[in-house]
Amino acid sequence: MEACGLVVAEDKHQKTGLAVGPNRGHKTTKLKQAVKKQSKRIDKTLVKGVIKEIGGFAPYEKKLIDLVKNGKDKKARKFAKTRLGSFKRGKRKVEEISSIVSEMRRAGTKG
2 MEACGLVVAE DKHQKTGLAV GPNRGHKTTK LKQAVKKQSK RIDKTLVKGV IKEIGGFAPY
62 EKKLIDLVKN GKDKKARKFA KTRLGSFKRG KRKVEEISSI VSEMRRAGTK G
């Protein structure tokens with residue numbers, strides 16, 4: 002196809018089966034990619050919440066709650082880091098625990 006003096010390639014990735022040339026390579030038929038399943042994050046969070054409600058907190062989480070209640074956030078982060086293996090995971094856990102503590106305080110003041 003030629004338009005305005007320019008040669009436009011229709012499908013330049015189509016292989017010719019030759020070892021040389023611009024479209025060199027073995028001819029293959031492309032497989033259709035499988036449709037990836039959507040991750041059911043809502044269901045996972047619901048299940049995690051139910052498990053947490055039934056099972057309660059792990060001993061290290063109880064210690065984190067005490068540290069956050071006493072205002073020792075830095076110590077809580079260090080403790081969580083040692084227990085969970087990385088600073089990022091520990092930081093996320095301390096944020097989660099501090100939100101739980103604030104919910105407990107709000108529930109305590111209302112009821």
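Residue numbers are given in our numbering: position 18 of the sequence shown equals residue 19, and the series is strictly consecutive.
Heads up, the beta-carbon is just placed ideally off N, CA and C, and yes, glycines get one too.
Buried or exposed by the 16-neighbour rule on C-beta atoms within 10 Å, applied to residue i
| i | result |
| --- | --- |
| lysine 94 | buried |
| glutamate 97 | exposed |
| leucine 65 | buried |
| leucine 68 | buried |
| glycine 91 | buried |
CB of residue i within 8 Å of CB of residue j, strictly
| i | j | result |
| --- | --- | --- |
| lysine 1 | threonine 29 | Limits of the chain in this structure are 2 at one end and 112 at the other, which puts residue 1 out of reach. |
| tyrosine 61 | arginine 84 | yes |
Spatial distance of residue i from residue j (CA atoms)
| i | j | result |
| --- | --- | --- |
| lysine 89 | lysine 31 | 41 Å |
| glycine 22 | histidine 14 | 12 Å |
| serine 87 | lysine 75 | 15 Å |
Any chain C beta carbon closer than 8 Å to residue i
| i | result |
| --- | --- |
| glycine 56 | Looking for chain C here will not work: only one protein chain is present. |
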